[in-house]
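Asks: Take a look at this one; I'll ask things after.
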DNA sequence: AGGACGGCTAC
DNA sequence: GTTTGTAGCCGTCCT
């Protein structure tokens, strides 16, 4: 026991150690690693006092280090690995032939039943397989998966049933369709939604709630290495080979090989990670962004609303199951409009949403921010499309569309950055007018013009400087013999970061380029006055200020990935994206035309019948006066009793004939309009909206310049 | 050539 | 509740 207490002194506070851990019965002890503190609480309330002899619990907060891609130094300083090593008494480099030297004989992974939970399990498997592979190869499984139910159904009289997969639940529902509705269904979203009683039930029958991870051979190690190792090419290949996996994993047996886990389950996290990190080609939206837009339209977000309120509404309306703080951050990014961010922001930023001082990291807390949809949102996402889209469902409830079809590829206006698994993406921002022009060329089967990245209000230059490489340049000019003024920074270089760069140029020991820097705010942006010796200035001028002062930044088009029909597609130019995009948009107009024509036809038929009825009444063909309503209805073949709500005069008839003429005209207009001309109408609306905001912007800038002059002038006279 | 870092949605 | 550290990829910058 002496060794036991000695060890305990340095054990982490958050550990609930098994009483027998580290003693002579340590081999019979199990350490439960939980995903988050709330799962730890569930485990603690589920374990009986007796079980606490042999079960310890330790919560993991956040993601576990991918040791396979980490440096030894990073592994050494990692808090979780330090804790785990102490708790289990692990020794690095040791080849284990049994677990007798450890404080616990096995480890249970208790992660949420969702994609990120699977990822957590994967990272833990990866950790052991990389640092202590011998443990995973022991004949008796060292790692155990804790499997909690995903769905529970209860009945007034019958015994409750649980399912650990959606597929099992669906099969159960199909088997007895008639009575399925008598049951109430509970979906567990993470371990946090299990009750204390359910926790006790899990541990009371722990054997049916676990499955063993099994090491069969080298193929297991290879699978883990592909999923977590440093070769993204292998990972891409793995995703391509396994993305057909049923997104509803089947029933879980009591054993699974590491290879099966990686290829059938971990790959689902990979796909989810791509969905949330890489936008679709069609709407340029990541899944979270799509849920935000959907909610804003659904609740008609036309009044300024606090961000914390709005983000809660997103959770409710779109079944967003992650942290609300995350949504708020995404909304903030979508609303930002400083130079270098969105060319066409859909949300209005009201409050401190961040500035180009730090790339928007200086945004205020969500509680102090308000937002609403900008009018342009309805122009880019026409309401008339709503009936033509496909929608995601959750447990039968209609959620956001699987993808929107804005009238132009939004991803080219606002760009995209994202890091998924196997793939990342970077798409620059382009001028909406260039994009519209190329769509028009595409429709007319003309060659498209190559586009150069464009950022709203950016006053520097952007030029093509290589294959798939564009360079954005800042701006500077001479003020006097020893001063250069820098007034514009290249795209993506934030003023706070540039300060550091200038200070480094000044601190450069030996012969620094810069003697001094002073920073001024000219009203709308920062200006740097750089003071340097005449000699250095001459030299810098010869070599080029932009290069010398590090005012060049590349924008590449070599990593443009977008999702299309669940698959990742690599694009090599923005024009290629437009080529993929507009045929789908045109198809939507064809559908819209068909639907509108159908609706108009039925309205016209109704009008014609009403008119005929009124004519008949007025000519005396149908007698109305002195008869029962039911008799008249019987006489009418159409049987439409609503006719009697009409005023039975010829005036009414003339009114309806006018209406009919209008509808016929609409049909005429619709028949003469093509998908192309309907598209053109929508594009024109967007263009006029662009002009409006450009006018507004230039007026704003004019006012800023004036107020700036007023504040500067008195200083000059002093 | 090799390591560190920025960008972004998640735990 | 907020802050910090982590995943994941690729291009850039620094050593």
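Numbering (UniProt numbering), first residue to last: 1 to 718.
Here a beta-carbon is modelled for each residue, glycine too, at the ideal position from N, C-alpha and C.
On a predicted model such as this, the values are computed, not experimentally measured, just so you know.
(1) How many Å lie between residue 303 and residue 346 at the Cα?
(2) When DSSP labels each residue in this structure, what does residue 63 get in the three-state scheme?
(3) With residue 334 as the anchor, note down where its alpha helix (DSSP H) starts and where it stops.
(4) Which residues bound the beta strand (DSSP E) around residue 401?
(5) For residue 589, which option in 683, 286, 334 and 221 has the closest C-alpha, if you only look at C-alpha atoms?
(6) Taking the alpha-carbon positions, what's the residue 115 to residue 503 distance?
(7) Determine the direct distance from the alpha carbon of residue 34 to that of residue 332, and round the result to whole angstroms.
(8) Determine, using beta carbons only, whether residue 134 and residue 91 come nearer to each other than 9 Å.
(9) By the three-class DSSP mapping on this structure, what secondary structure does residue 160 have?
(10) Could you compute how far the alpha carbon of residue 43 sits from the alpha carbon of residue 30?
(11) Assuming residue 435 and residue 409 are in contact, meaning their beta carbons sit under 8 Å apart, how far apart are those beta carbons, in whole angstroms?
(12) Nearest-angstrom Cα distance between residue 365 and residue 307?
(13) For residue 466 and residue 591, what's the separation of their Cα atoms in angstroms?
(14) Tell me which residue opens and which closes the beta strand (DSSP E) that residue 352 is part of.
(15) Quick one, are the C-beta atoms of residue 663 and residue 603 less than 9 Å apart?
(16) Are the CB atoms of residue 194 and residue 154 within a distance shorter than 9 Å?
(17) Spell out the partners DSSP gives residue 671 in its beta bridges.
(18) Run through the DSSP bridge pairs and tell me what residue 521 is partnered with.
(19) How long is the line joining the alpha carbons of residue 520 and residue 526, rounded to whole angstroms?
(20) For residue 452, which residues from the same chain have a beta carbon less than 7 Å from its beta carbon, with the 5 sequence-adjacent residues on both sides left out?
(21) Do residue 404 and residue 381 have their C-beta atoms within less than 9 Å of each other?
(22) With contact counted as at least three CB pairs below 8 Å, one residue from each stretch, are the segment 338-355 and the segment 272-279 in contact?
(23) Helix, strand or coil: which one does DSSP assign to residue 243?
(24) Here's the rule: buried if 16 or more other CB atoms are within 10 angstroms of the residue's CB, otherwise exposed. What is residue 290?
(25) Identify, in the order they occur along the chain, each residue of the same chain with its Cβ nearer than 7 Å to the Cβ of residue 693, setting aside the five sequence neighbours on each side.
(26) Measuring only the C-alpha atoms, how far is residue 541 from residue 78?
(27) Have a look at 583, 601 and 651 and flag the residue whose alpha-carbon is nearest the alpha-carbon of residue 611.
(28) Buried or exposed for residue 139, going by 16 or more other Cβ atoms inside 10 Å?
(29) Exposed or buried, which one is residue 711 when buried takes at least 16 other CB atoms within 10 Å?
(30) Would residue 136 and residue 125 qualify as a contact pair, given that the criterion is a beta-carbon distance under 9 Å?
(31) Using the Cα positions of residue 660 and residue 636, report the straight-line distance between them to the nearest angstrom.
(32) At 3 residues or longer, what runs of the beta strand (DSSP E) sit wholly inside the segment 132-195?
(33) Within a Cβ cutoff of 6 Å, which residues of the same chain sit near residue 398, ignoring the five residues on either side of it in sequence?
(34) Spatial neighbours of residue 294 within its chain, please: C-beta separation below 6 Å, excluding the five flanking residues on both sides.
(35) Considering only residues of the UniProt domain "Toprim" (29-143), which uninterrupted beta strand (DSSP E) runs meet the minimum length of 3 residues and lie entirely inside it, listed in chain order?
(36) Taking the alpha-carbon of residue 213 as reference, which of 351, 122 and 74 has the nearest alpha-carbon?
Replies: The relevant details are as follows:
(1) 14 Å
(2) coil
(3) 324-335
(4) 397-401
(5) 683
(6) 45 Å
(7) 32 Å
(8) no
(9) coil
(10) 12 Å
(11) 7 Å
(12) 9 Å
(13) 42 Å
(14) Neither: residue 352 is in no beta strand (DSSP E) and is coded neither H nor E.
(15) yes
(16) no
(17) According to DSSP, residue 671 bridges with nothing at all.
(18) 526
(19) 6 Å
(20) 462, 464 and 470
(21) yes
(22) no
(23) coil
(24) buried
(25) none
(26) 48 Å
(27) 651
(28) exposed
(29) Low per-residue confidence applies at residue 711: pLDDT is 41, beneath 50, and the placement is therefore not dependable, though the value from the model is reported in the following sentence. Per the 10 Å Cβ criterion, exposed.
(30) yes
(31) 21 Å
(32) 143-146, 151-154, 161-163 and 184-187
(33) 391
(34) 318 and 400
(35) 30-35, 55-60 and 106-110
(36) 122
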